[in-house]
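A.B. asks:
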Amino acid sequence: MTVPYALDVSHSSTKSWIKLLCRWRGSLYKAVFPQLAVWLLAYLAISFVYRFVLPYDVQTQFDYLAVYLSKGIDSYIPLTFMLGFFVSFVIARWSSILNGIGWIDNAAMSFAAYIKGTDEETKLLRRTLVRYMVLNQALVLRDISIQVRNRFPSIETLQAAGLLTDKELVVLQDIQDHYGRYWTPLQWCYQHIVEARETGKITSDHLLGKITTEIQNFQLGLATLLKYDWVPVPLVYPQLIFLSVRAYFFICLISRQFLRSDKFDIVFPVATMIQFIVYMGWLKVGEMLLNPLGDDDDDLECNHVIDKNLITGLTLVERAEHSAPPMTKDAFWDERQIAPLYTKKTARRYVHPLIGSAAGLDLLKNEKEIIMTPHRAVLKKMTAEQKKNSTKIVEIERPMTARNDPEAQGLMLVKHHRTPTKFHPVMTKRC
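When you line the sequence shown up against this note's numbering, it's residues -9 to 421, in that order.
(1) According to DSSP, is Ile360 part of a helix, a strand, or is it coil?
(2) Within the stretch 162 to 243, note down every full beta strand (DSSP E) run reaching 3 residues or more, in order along the chain.
(3) Thinking C-beta only, is Met270 closer than 8 Å to Val235?
(4) Would you tell me roughly how many angstroms separate the C-alpha atoms of Gln229 and Gly276, rounded to the nearest one?
(5) According to DSSP, is Ile386 helix, strand or coil?
(6) Using 8 Å as the threshold, is the C-beta distance between Ile192 and Ile105 below it?
(7) DSSP puts Ile267 in a beta bridge; with which residues?
(8) I need the DSSP call for Ile105, collapsed to helix, strand or coil.
(9) Compute the Euclidean distance between the alpha carbons of Leu148 and Leu129, then round it to the nearest angstrom.
(10) Decide if Ile205 is buried, meaning its Cβ has at least 16 other Cβ atoms within 10 Å, or exposed.
(11) Can you give the Cα-Cα distance for Phe266 and Phe239, rounded to whole angstroms?
(12) Can you tell me which of Met372, Gln327, Asn356 and Thr214 puts its alpha carbon nearest to the alpha carbon of Gly90?
(13) Take the Cβ of Gln163 as the centre, count every other Cβ of all protein chains shown within 10 Å, and call the residue buried at 16 or more, exposed below.
(14) DSSP on His294, reduced to helix/strand/coil?
(15) Compute the beta-carbon to beta-carbon distance between Asp219 and Ile134, rounded to the nearest angstrom, for a pair I have assumed lies under 8 Å.
(16) Output the boundary residues of the alpha helix (DSSP H) element that contains Leu26.
(17) Going straight from the alpha carbon of Val(-1) to that of Tyr40, what length do you get?
(18) In terms of alpha-carbon separation, which member of Leu11, Lys355 and Lys334 lies closest to Glu387?
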């Protein structure tokens, strides 16, 4: 279940970030604080035993052990380097899985646009193609996502959900190849669109190819999910990271104790607690994103994707029977200067336009002509006649509006250009 918070940070104000920090579901507090509480209790228990239970000679040995463990702990367990590399790797993997989960919109729009006909058979074809693609997605996700598996624990539940008919269920159950079962619905799609091309419902091979491409892209994304599920991150890598972080703070239970020889003594290790929150929170990011198809707070909404694809796909192909609205002249038809409208509130907001940073520079202020010559490296190899023929003088005339309008200072009109009667070896400036 993803945790939406984009609206909360639509403004970079203190109020927005306080509101964001006060969230619980999917938060740093929910992920880290239970473990921090356990660690702190263990720390205080060791501190109590050290101070009030251990005899003097054992306390001395404890002091030696704490000093030994505190020396170089950050060098032989480089958490910053390890966590940074691991989380970057996991985020890249998570992004690829997100992009591969599959949206049916493009395929459904191609079905609606390229499969011609308003009869019931053509309507059935378009709807069936959408249903087969959603069925394909459900078959894949129920084997790699615990959310979808809980929703469709058996293939018969797909039939009950309306994604399968009785005859289609029998065909799928007869397939011995478990992996081939995923792609059988897409094979049915290809069979139907080839038949539609032969009967003229698809009017050209080019349109058939575009429909085929959309189905293939959908299939490739789901195949990527299967590959990530089949070949996860090598087990030794997450084990190394998870054990290193926990081993680090296990050592800190002793190495960060305040000893008798210390100049000051406090009960709670505030600095180490902050370090625990940062490193353990960093680790939790990697743990949560390692398998985004799970059932954590920030995992992908796979069931919603299936529902969305089914509803959106059927809605799009259903609209294929309705013709587009008639074309009419737009509101700006006779306007020489188009002025899009805003609400009164938003019209007061400054808009930074897509204009180059150097576009407003007026390098020709008070200039009436520009002399253009080849580069001096080329001039050295040219004869006097060639230099004369290669040099141009551009005469400039500013528009009347530019003379009084600072924003139009960069505008100019090239009146004409001519070859000079006398050669100028470099660009000259005339005031």
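The C-beta atom is built at its ideal place from N, Cα and C for all residues, glycine as well. Just so you know, these numbers come straight off a predicted model, no measurement behind them.
C.D. replies: Reading it off the structure:
(1) In the sequence shown, the residue the question calls residue 360 occupies position 370. The DSSP-derived three-state label of Ile360 is strand.
(2) Correct list: empty.
(3) The sequence position of residue 235 within the sequence shown is 245, counting from 1. The sequence position of residue 270 within the sequence shown is 280, counting from 1. A contact, by the Cβ cut-off of 8 Å.
(4) The residue labelled residue 229 in the question sits at position 239 within the sequence shown. The residue labelled residue 276 in the question sits at position 286 within the sequence shown. Their backbone Cα atoms lie some 12 Å apart in a straight line.
(5) Working through the sequence shown from its first residue, we reach residue 386 at position 396. The DSSP-derived three-state label of Ile386 is strand.
(6) As a first step, residue 192 is located in the sequence shown; it is residue number 202 there, counting from the start. As a first step, residue 105 is located in the sequence shown; it is residue number 115 there, counting from the start. Yes; because the gap between Cβ atoms is below 8 Å, this pair is in contact.
(7) By 1-based counting over the sequence shown, the position of residue 267 is 277. DSSP lists no partner for Ile267.
(8) Numbered from its first residue, the sequence shown carries residue 105 at position 115. Ile105 falls in the strand class under three-state DSSP.
(9) For the purposes of this step, residue 148 is identified with residue 158 of the sequence shown, where counting begins at 1. For the purposes of this step, residue 129 is identified with residue 139 of the sequence shown, where counting begins at 1. Cα to Cα, the separation comes out at about 9 Å.
(10) By 1-based counting over the sequence shown, the position of residue 205 is 215. Looking at its Cβ environment, which holds 16 or more other Cβ atoms inside 10 Å, Ile205 is buried.
(11) Translated into the one-based positions of the sequence shown, residue 266 becomes position 276. Translated into the one-based positions of the sequence shown, residue 239 becomes position 249. Note on geometry: alpha-carbon atoms of Phe266 and Phe239 lie some 7 Å from one another.
(12) Taking the sequence shown and counting its residues from 1, one reaches residue 90 at position 100. Scanning Met372, Gln327, Asn356 and Thr214 for the CA closest to the CA of Gly90 turns up Thr214.
(13) For this step, residue 163 is matched to residue 173 along the sequence shown. Counting C-beta atoms within 10 angstroms of its own C-beta, Gln163 has fewer than 16 neighbours from the protein chains shown and is therefore classed as exposed.
(14) Looking up residue 294 in the sequence shown gives position 304. Note: His294 maps to helix in three-state DSSP.
(15) Start at 1 with the first residue of the sequence shown, and residue 219 comes out as number 229. Start at 1 with the first residue of the sequence shown, and residue 134 comes out as number 144. With a beta-carbon spacing of about 4 Å, Asp219 and Ile134 fall inside the 8 Å limit used to define contacts.
(16) For the purposes of this step, residue 26 is identified with residue 36 of the sequence shown, where counting begins at 1. Looking at the DSSP string, the run of the alpha helix (DSSP H) that includes Leu26 is Leu18 to Phe42.
(17) Here residue -1 is taken as the residue at index 9 of the sequence shown, counted from 1. Here residue 40 is taken as the residue at index 50 of the sequence shown, counted from 1. Rounded to the nearest whole angstrom, the CA to CA distance from Val(-1) to Tyr40 is 47 Å.
(18) Start at 1 with the first residue of the sequence shown, and residue 387 comes out as number 397. Nearest option by C-alpha distance: Lys355.
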